[in-house]
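If you're matching positions, the sequence shown starts at 194 in this note's numbering and goes up one per residue.
In what follows, a structure is listed as structure tokens, so that the remarks can point back to it.
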Amino acid sequence: MRFYKIINNSTKEVFLTAQIDDDTTLCGITYQNQPLSNLEELLLLAKNDFTDLDSIAIPLLDSTNLKINLDDLISSSKKKSGQFKMCQPYTPTEIWAAGVTYKSSELERKRESETPDVYAKVYNSDRPEIFFKATKERSVGPFDEIGIRQDSSWNVPEAELALVLFRNEIIGYTIGNDMSSRSIEGENPLYLPQAKTYNKCCAIGPSFVSVSSITNPNSLTIQCSIFRNGELIFKNDSSTSLLSRKFESLKNWLTKSNTVPDMTTFLTGTPIIPPPEFSLLEGDVVRISITDIGTLENNVVIV
């Protein structure tokens, strides 16, 4: 199942909704006659009932409480009008990221850096590159503004499949946009935290998809499109099949001697790299699509 979180623009009430298969209808989720507002509540119900997320959710779907068309929700969220707006599908307590997990990423990071050998070594080593990406306050949701640093001359989006963890287990997937200041990181790898972590540095959404709903996460198409003044200026696609590491292995490295909170989000790296002459500008629109998850869209602003 796909789960979406929405907010009523008038009352500011928040609702957790679910989409079954390819039906474009989202239904609210009600427990003991009260609408649920977040995914964490549903996960705790599933844990207490010793069942999985989809099994606990299906009997709680309540179209009489809330029923909304997904296409209408996307349109109203994009236009910032209408009764409801799409939010982050859950609250990402911490956001971590793995780097140099695709060959294309290794080659591009070597090209930008004055110390290229470090990227070749980490790509081929047992231990992956893992770094802290963002707090929930530094992340944004679908159709929110996403940031590029004012002190960086070369900025790119990074389209990534993201793992969502609960009790140290992978419970589902979403889309992540790991915004990167390549001019800063390229100057010195020790500047990585400044190149990666800043206001509005990461977007998450539009949906959370339960782990049982994606048969093969190792074969998902990732597409990144960038628009400027309404015109398409960059588009490329790739696949998670090119990932050099296993998701379970990445998760195990993240949680080794490192306790992460429930709903930690783990970006797994990008296979899509815009050309060296490309840099995002304020006003650009970034769209990232992944099979079975949806499309994450954000407007670019300088922060």
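Note that beta-carbon positions come from the ideal geometry of N, C-alpha and C, so glycine has one too.
The structure presented is a predicted model; accordingly, all values stated were derived computationally and were not measured.
Near S406, what residues of its chain come up, given a Cβ to Cβ distance below 6 Å and the 5 sequence neighbours on each side ignored?
If you number the sequence shown from 1, residue 406 lands on position 213. Around S406: M194.
Which of helix, strand or coil does DSSP assign to K260?
The sequence position of residue 260 within the sequence shown is 67, counting from 1. K260 falls in the strand class under three-state DSSP.
Could you name the residues of the same chain whose beta carbon sits closer than 8 Å to that of T390, not counting the 5 residues immediately before and after it, in chain order?
Numbered from its first residue, the sequence shown carries residue 390 at position 197. F325, K326, A327 and R331, listed in sequence order.
Going straight from the alpha carbon of S497 to that of I339, what length do you get?
Residue 497 lies beyond the range of the chain shown here (194 to 496); nothing can be said about it.
Report buried or exposed for G462, applying the criterion of at least 16 other Cβ atoms within 10 angstroms of its Cβ.
Numbered from its first residue, the sequence shown carries residue 462 at position 269. Under this definition G462 is a buried residue.
Is the segment 339 to 350 close to the segment 280 to 289, with three or more CB pairs under 8 Å?
no
Is the segment 251 to 263 close to the segment 212 to 225, with three or more CB pairs under 8 Å?
yes
Residue range of the unbroken beta strand (DSSP E) whose run includes N491:
Counted from its first residue, the sequence shown places residue 491 at position 298. Looking at the DSSP string, the run of the beta strand (DSSP E) that includes N491 is G487 to I495.
Neighbour-count burial assignment, Q227, 16 or more Cβ in a 10 Å radius
Residue numbering aside, residue 227 sits at position 34 when the sequence shown is read from its first letter. Exposed, because fewer than 16 other Cβ atoms sit within 10 Å of the Cβ of Q227.
Since V333 and K393 are thought to touch, with beta carbons under 8 Å apart, how far apart are those beta carbons, to the nearest angstrom?
As a working note, residue 333 is residue 140 in the sequence shown. As a working note, residue 393 is residue 200 in the sequence shown. Sure, about 6 Å apart at Cβ, within 8 Å.
So for V349, helix, strand or coil by DSSP?
Here residue 349 refers to the residue found at position 156 when the sequence shown is read from its first residue. If DSSP states are grouped into helix, strand and coil, V349 belongs with the strands.
With a 10 Å radius around its C-beta and 16 neighbouring C-beta atoms as the bar for buried, classify Q212 as buried or exposed.
Locating residue 212 in the sequence shown gives position 19, where the first residue counts as 1. Q212 is buried by the Cβ-count criterion.
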